[in-house]
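For the first sequence, my numbering puts the final residue at 441, and the numbers step up evenly by one.
Below is one structure; the comments refer to it alone.
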Amino acid sequence: MVNMSQILLEWYDRNARVMPWRVSPSDRADGVKPDPYRIWMSEVMLQQTTVAAVRDYFRRFTDRWPTVTDLANAQDADVMAEWAGLGYYARARNLLKCARHVVEHHGGVFPNTHDALLTLPGVGPYTAAAISSIAFDLPETVVDGNVERVISRLYDIHTPLPTSKPELTALAKSLTPTERAGDYAQAIMDLGATICTPKSPACGICPWREPCLARANGTAADLPKKVAKKPKPTRVGIVYIARREDGAWLMETRPDKGLLGGMLAFPTTEWGETTDDHPPASAEWTELETEALHTFTHFHLRLRIQTAWIDTTPSRGHFLSASDFSPTALPTVFRKAFDLAHETMRHN
DNA sequence: TATTCGTGGAG
DNA sequence: TCTCCAAGAAT
C-alpha cells in the first residue's frame, strides 16, 4: 500500500484551506517560510476555538503588533481589550507573558526546539508540536481534537476519551512522516475539520477511506467515545452599572486568577446558588426587569442588573471616562448586561 | 487525574 | 431550546 502520510499530503496539496496565518503548500515549495510569531499567535487563538472565530482577531492582533517585540511592549489593558469576546482569557495573559519572555530571554526570537517551546507560558503539548512542525518543519506530532477523532476512527478505537489519549497519541506518532511534518500536521487537522467531522463524516470522499477500520465496520459516526460530562448548575449574581455626572463609568479590572481574569468589567457580587446585594457605592440603585443570561463552560448564569447615577466615592472600582470606555473591551457577559442597561443610562 | 476556564455556530 | 463542541493549558 502507498504510504498513508503520502496520500494525505497529496490530498492536502489539492485541498488546503486558505488562512491568514498559513503558508500555502505551493508557496512553501517556493521556499516561503512561515513566521514563528504568527504561527504561535494563531495556535494560541485556535485553542478550543473555531477558525471562523479566530480570523478577525488574528488580523487585528498582527496588524496592531506585527512582531513579538511590539506585543511585548504593549499595555496589558490594550491586549486584554483586543482579546475581549474570544474567551479563555488566561490565553491572553499568557500571550503577553510569553511575548515578554521571548524578548527577555531569547532576544525576541522564538526557540526552535520542541522542549524549549514547551517551557513557554500558554504553550502545552499540542501548541509546542504545532509550532515545531509548522514553523520549523520538525517531525513532531500534533494531537488535537481533530486528530483524536481521525485516529480513533482510522483504528476503530472504542475506548472512551480521555483514557484512550495515550494510545491515540502513539498511533498518531507512528503515522507522522519525517518530511513535510508541518504540512502533514495541517493536513490531518484539515481532514478532521472538513471530512472526518464529528457528525455525519463524509467517508465517501475521504483520502483515507480505504484503510479506515471504522468506515469498514460502520462505526465512524459513533467515534470517538467520550465520558459523559456533568450537567451545568445555574448560578445567580448582581452586576452594578453606574455612571458619574460627567458620564464616566464605574468599572473594575478583575483579578488575574479565575473567571474572566484580567478583564475590564462592571462591579458584581460573587456568583453562586444565591447572592447578596453588595453595591460598590451608596446610591439610589434601580433594578432592570430583565436579567442577562449567559452560559460559561461549566455553569449557567442569571445576572440581575442594577443601575445608578452616583455622586459619592465608590468603595471599589475606578471611573473610566465616557471617551475611554468601549463596550467592545468587555467580555461577552458584561457586554450583554451593558446592552440591556445602556438605554436607561444615556448621558445628557 | 479532575476541574477550571468562554464563546458562538451547528444540528 | 438545548447539547455538543473547536487547532488545550494550567492547576
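Backbone N, C-alpha and C define an ideal beta-carbon position, used for all residues, glycine too.
Rounded separation between residue i and residue j - CA only
i           : j           : result
residue 277 : residue 164 : 30 Å
residue 316 : residue 191 : 36 Å
residue 382 : residue 335 : 17 Å
residue 437 : residue 223 : 48 Å
residue 202 : residue 194 : 10 Å
residue 371 : residue 107 : 60 Å
residue 337 : residue 403 : 5 Å
residue 129 : residue 271 : 20 Å
residue 113 : residue 407 : 45 Å
residue 300 : residue 104 : 7 Å
residue 354 : residue 417 : 21 Å
residue 140 : residue 384 : 31 Å
residue 143 : residue 375 : 43 Å
residue 253 : residue 319 : 5 Å
residue 311 : residue 265 : 21 Å
residue 162 : residue 200 : 9 Å
residue 421 : residue 171 : 12 Å
residue 302 : residue 324 : 36 Å
residue 127 : residue 419 : 34 Å
Bridge-paired residues (DSSP) for residue i
i           : result
residue 398 : 332
residue 358 : 345
residue 254 : 319
Test item: CB-CB of residue i and residue j under 8 Å
i           : j           : result
residue 231 : residue 244 : no
residue 280 : residue 102 : yes
residue 423 : residue 412 : no
residue 377 : residue 397 : no
residue 183 : residue 356 : no
residue 187 : residue 218 : no
residue 332 : residue 290 : no
residue 154 : residue 136 : no
residue 150 : residue 189 : no
residue 138 : residue 147 : yes
residue 305 : residue 347 : no
residue 409 : residue 345 : yes
residue 415 : residue 341 : yes
Environment of residue i [buried if 16+ CB atoms lie within 10 Å]
i           : result
residue 240 : buried
residue 208 : exposed
residue 197 : exposed
residue 400 : buried
residue 386 : exposed
residue 405 : exposed
residue 283 : buried
Proximity test, residue i beta-carbon vs the ligand MG heavy atom, cut-off 7 Å
i           : result
residue 113 : This structure simply doesn't include the ligand MG, nor any ligand for that matter.
- At 3 residues or longer, and completely inside the segment 257-329: list those beta strand (DSSP E) runs for me, N to C. none
- Those runs of the beta strand (DSSP E) which lie wholly inside the segment 360-396 and span at least 3 residues: 385-388
- Query: Which runs of the alpha helix (DSSP H) fall wholly inside the segment 399-434 and span at least 4 residues, in chain order?
  - Reply: 425-434
- Message: Quick check for students: name the residue ranges of the beta strand (DSSP E) that lie wholly in the segment 196-235, counting only runs of 3 or more.
- Response: At a cut-off of 3 residues, not a single continuous stretch assigned as beta strand (DSSP E) sits fully inside the segment 196-235.
- Item | Start-end ranges of the alpha helix (DSSP H) lying completely within the segment 123-185, minimum 4 residues | Runs of alpha helix (DSSP H) with 4 or more residues, each lying fully within the segment 123-185, are found at 129-139, 144-157, 161-165, 169-176, listed in chain order.
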